[in-house]
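Respectively, the protein sequence lines represent chains A and B.
If you read the first sequence in our numbering, its first letter stands for residue 896, the second for the next number, and so on.
If you read the second sequence in our numbering, its first letter stands for residue 52, the second for the next number, and so on.
Glycine included, each C-beta is placed from N, C-alpha and C at the ideal position.
Presented below is the structure to which this report refers.
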Amino acid sequence: MKTLVNIFRLAGLFIDDGLFALALSVVVVLAAIVAAIAPAVPIAAGVVLLVGCLGVLLGNVTSTGTR
Amino acid sequence: MILTWTSAGPAVSAAFLSSLVEAVEALTIVLAVATVRGWRPAGLGALAGLATLALIVLALGALLDRVPLHALQLAIGVLLLLFGMRWLRKAILRAAGVIPLHDEELAFATGTAALREQAQHDTRLDWLAGLASYKAMLLEGLEVVFVVIAVGAGRGLLVPASIGALAACALVAAVGLALRRPLARVPENTLKFTVGVMLSSFGVFWTGEGLGVPWPGEDLAILGFATLFLIAAVGAVRLVRSPAVEPLP
């Protein structure tokens with residue numbers, strides 16, 4: 896039981912707000928898809944990644960703040 | 052591979068600042084144990100925690116050598132993104148007054164009170180005090196290990212990142228031993244804010260590298276990402292700041 900608790904605490908180092916972590920994961924997957932379908936424009940995946948992360952951060956913080 | 056300050060500097064700084072936060076948290080608990088039950092159980096527990104950490108670092112180090120570079124960069128980048136943006140999000144919400152600031156003084160008082168109560172029940176349970184110290188050192192130390200691996204692995208920056216982390220731990224230990232008080236005066240949220248910005252920037256950079264993105268300026272792109280994250284974070288604080296929170300001087 897304690898091991899399980901420690902595993903969850905370890906996971907908690909990376910995942911606090913489940914939706915926030917999920918949204919970040921979706922951004923990474925989208926960037927990977929863009930990198931796969933547009934290998935001629937590799938910077939496009941980077942733009943998706945950067946803009947996506949900033950968007951997720953701002954969206955999550957403002958929604959939490961106004962809740 | 053010759054290391055320059057341009058490549059090693061951000062890794063040292065990120066590892067130093069991240070580790071500073073974790074070391075302060077670990078030291079707070081160790082000091083609480085030491086104050087109530089003495090330095091012996093606190094010191095033994097902390098040393099046992101450090102020994103366990105050393106084993107984990109050795110195990111992870113061996114594994115890292117066998118992982119392909121791009122897969123490693125991608126895994127590290129995603130880990131850093133989750134880790135750093137989680138910190139940044141909390142730091143923004145704390146700075147905006149949406150959630151309360153973490154109070155090291157309160158953590159110290161809580162830990163001390165719990166151990167005093169325990170001491171009244173059984174004076175021979177020093178091993179429990181040592182265990183509290185052990186767990187604090189192990190769990191906070193694990194965060195430091197993840198930061199060092201995340202910041203340093205993949206491009207031969209493990210040594211600079213380790214130096215940054217060790218410097219932070221040594222600094223906090225020296226200050227803690229000298230003051231024998233919780234480091235409540237360290238502006239934790241400011242540290243977490245800065246660290247969150249840096250780790251998020253590293254996360255975007257490494258994830259992109261793992262996906263084969265040729266970042267303009269290579270490593271210097273991290274500074275650009277940090278600037279963007281900082282602007283976004285400060286803007287977010289202003290946007291969601293509670294009216295009850297006084298503006299910072």
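Quick one, are the C-beta atoms of residue i and residue j less than 8 Å apart?
i	j	result
LEU133/B	LEU919/A	yes
LEU101/B	GLY227/B	no
LEU189/B	THR245/B	no
ALA93/B	ALA180/B	yes
PHE67/B	ALA219/B	yes
ALA933/A	ALA939/A	yes
ILE200/B	PRO61/B	no
VAL264/B	PRO937/A	yes
LEU71/B	VAL198/B	no
GLY259/B	GLY941/A	yes
VAL291/B	GLY960/A	yes
LEU279/B	LEU952/A	no
Please check if any C-beta of chain B sits within less than 8 Å of the C-beta of residue i.
i	result
VAL936/A	no
LEU914/A	no
GLY960/A	yes
LEU917/A	no
Going by beta carbon distance, what residues of the same chain come within less than 6 Å of residue i, once the five residues before and after it are set aside?
i	result
GLY954/A	none
PHE915/A	ASN955
PRO211/B	ALA59, ALA62, VAL63
GLY261/B	HIS121, GLN124, LEU125, GLY128
LEU945/A	none
DSSP on residue i, reduced to helix/strand/coil?
i	result
THR961/A	coil
VAL339/B	Given a span of 52 to 300 for chain B in the structure shown, any question on residue 339/B remains unanswerable.
ASP270/B	helix
ALA180/B	helix
LEU925/A	helix
ARG289/B	helix
PRO265/B	coil
PRO233/B	Its pLDDT being 49, under 50, PRO233/B is placed unreliably by the model, and nothing is read from it.
ALA935/A	coil
LEU208/B	coil
GLY259/B	helix
LEU299/B	Confidence at LEU299/B is low in this model, with a pLDDT of 47, below 50, so its placement is unreliable and the value that follows should be read with caution. In this structure, LEU299/B counts as coil in the three-state DSSP scheme.
GLY128/B	helix
VAL941/A	As written in the sequence, residue 941/A is Gly, which differs from the Val given in the question. In this structure, GLY941/A counts as helix in the three-state DSSP scheme.
GLY89/B	coil
Which residues in chain B sit within 9 Å of residue i, going by Cβ to Cβ distance?
i	result
VAL923/A	LEU125, GLY128, VAL129, LEU132, THR258, LEU262
ALA933/A	Here the premise fails: no neighbours, minimum Cβ distance about 11 Å.
Check whether chain A comes within 8 Å of residue i, counting only Cβ atoms and requiring the distance to be less than that.
i	result
LEU234/B	Reliability of the predicted coordinates at LEU234/B is poor, the pLDDT of 46 falling under 50, and no value is obtained from them.
ILE143/B	yes
VAL255/B	yes
ALA93/B	no
VAL108/B	no
ASP283/B	Correcting the residue identity first, residue 283/B is Ala in this sequence and not Asp. Judged by the 8 Å Cβ criterion, ALA283/B is in contact with chain A.
LEU101/B	no
SER64/B	no
MET136/B	yes
SER184/B	no
SER251/B	yes
PRO300/B	Only weak support is given to the placement of PRO300/B: the predicted model assigns it a pLDDT of 39, under 50, and the question is left unresolved by the model.
Residues of chain A with CB under 9 Å from residue i, in chain order?
i	result
SER69/B	Within chain A, no residue comes near SER69/B; the closest Cβ sits about 12 Å away, beyond 9 Å.
ARG140/B	ASP911, ASP912, PHE915, LEU952, ASN955, VAL956, THR959
LEU279/B	LEU945, LEU949
ALA287/B	LEU952, LEU953, VAL956, THR957, GLY960
Using the beta-carbon of each residue, which ones in chain B are nearer than 7 Å to residue i?
i	result
GLY941/A	GLY259, VAL264, TRP266
Give me, in chain order, the residues of the same chain whose beta-carbon lies closer than 8 Å to that of residue i; leave out the 5 immediate sequence neighbours on both sides.
i	result
VAL943/A	VAL922, LEU925, ALA926, VAL929
ILE150/B	LYS141, LEU144
LEU208/B	LEU54, SER58, ALA59, ALA62, VAL202
LEU281/B	VAL248
LEU46/B	A query on residue 46/B cannot be resolved here, the shown segment of chain B reaching from 52 to 300 and no further.
Which residues in chain A sit within 8 Å of residue i, going by Cβ to Cβ distance?
i	result
PHE276/B	LEU945
Residues in its own chain within less than 7 Å of residue i by CB, not counting five upstream and five downstream?
i	result
LEU217/B	none
LEU250/B	ALA65, SER69, LEU131, PHE134, GLY135, TRP138
Using a cut-off of 7 Å between C-beta atoms, extract the partners of residue i located in chain A.
i	result
ALA147/B	GLY960
Give the interface partners of residue i over in chain E, defined as CB-CB distance under 8 Å, in chain order.
i	result
VAL291/B	Absence of chain E from the displayed structure is noted, the protein chains being A and B.
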